[in-house]
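Residue numbers (this note's numbering): 1 to 137.
Built from N, CA and C at the ideal position, the CB exists for glycine as well.
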Amino acid sequence: MSVAEKDINTALSVRLKQIQVADVPPIAWENAPYTPVANTLYLEETFIPNIKNQVGLENSSTDDYEGIYQVLVRDARGARRFNAQEQARLVAEHFPRGAEYTHNSITVKIVSAAVSQGLSVDNTYNVPVTITWRALA
Numbered sequence: 001m002s003v004a005e006k007d008i009n010t011a012l013s014v015r016l017k018q019i020q021v022a023d024v025p026p027i028a029w030e031n032a033p034y035t036p037v038a039n040t041l042y043l044e045e046t047f048i049p050n051i052k053n054q055v056g057l058e059n060s061s062t063d064d065y066e067g068i069y070q071v072l073v074r075d076a077r078g079a080r081r082f083n084a085q086e087q088a089r090l091v092a093e094h095f096p097r098g099a100e101y102t103h104n105s106i107t108v109k110i111v112s113a114a115v116s117q118g119l120s121v122d123n124t125y126n127v128p129v130t131i132t133w134r135a136l137a
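In structure tokens, the structure reads:
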């Protein structure tokens, strides 16, 4: 992962952290230890860099990065689905289209945030929020 992608990831993670009030809902950070608490809704992040294009013709020109920041809202299977769906809506609204977040002089712009259909997997009900982003670095 490039330095620019790390800064983009950090900017998005910092923004996700701001949705918490007194550490609620808990967040399972990508590749960090996390043990879900039974019957407790939580968020799980995944950073997916996708495309890197060179804007100009010179070797030192700006790069155009695009990708996805996936946030899964996970709740206990058998819990009312409306809790997870409402939290997913709040996450999508927390990343409004056109918003910009900066870390180490890299600014990432939100292209869209969409809530997908929830699905049950093992003992959890999962509602994905797909946040597409773009950054010039």
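Can you give me the start and stop residues for the alpha helix (DSSP H) that residue i sits inside?
i: Thr10; result: Val3 to Lys17
Can you list, in chain order, the residues of its chain with a C-beta nearer than 6 Å to that of residue i? Leave out the 5 residues immediately preceding and following it.
i: Ala113; result: Ala92, Phe95 and Ile131
i: Thr46; result: Glu30 and Gln70
Quick one: residues in its chain with C-beta nearer than 8 Å to the C-beta of residue i, no 5 flanking neighbours on either side, listed in chain order?
i: Glu100; result: Thr107, Val108, Lys109 and Ile110
Which partner residues of residue i appear in the DSSP bridge assignment?
i: Phe82; result: Beta-bridge pairing links Phe82 to no other residue.
i: Val144; result: Absent from the structure is residue 144, since the part of the chain shown begins at 1 and ends at 137.
i: Ala54; result: Before going on, a small fix: residue 54 reads as Gln here, not Ala. DSSP, once it has assigned bridges, lists Asp63 as partnering Gln54.
i: Phe47; result: Tyr69
i: Leu88; result: Here the sequence assigns Ala to residue 88, which means Leu is not the residue at that position. Note: Ala88 sits in no beta bridge, so no partner.
Would you mind reading off the limits of the beta strand (DSSP E) that contains residue i?
i: Asn39; result: Taken as a continuous stretch (DSSP letters only), Asn39 belongs to no beta strand (DSSP E), as it is neither H nor E.
i: Arg74; result: Asp63 to Ala76
i: Ser120; result: Leu119 to Val121
Answer with buried or exposed for residue i, where buried requires no fewer than 16 other C-beta atoms within 10 angstroms of its C-beta.
i: Gln20; result: exposed
i: Val115; result: buried
i: Asp122; result: exposed
i: Thr124; result: buried
i: Ala32; result: exposed
i: Val129; result: buried
i: Asn9; result: buried
i: Ile48; result: exposed
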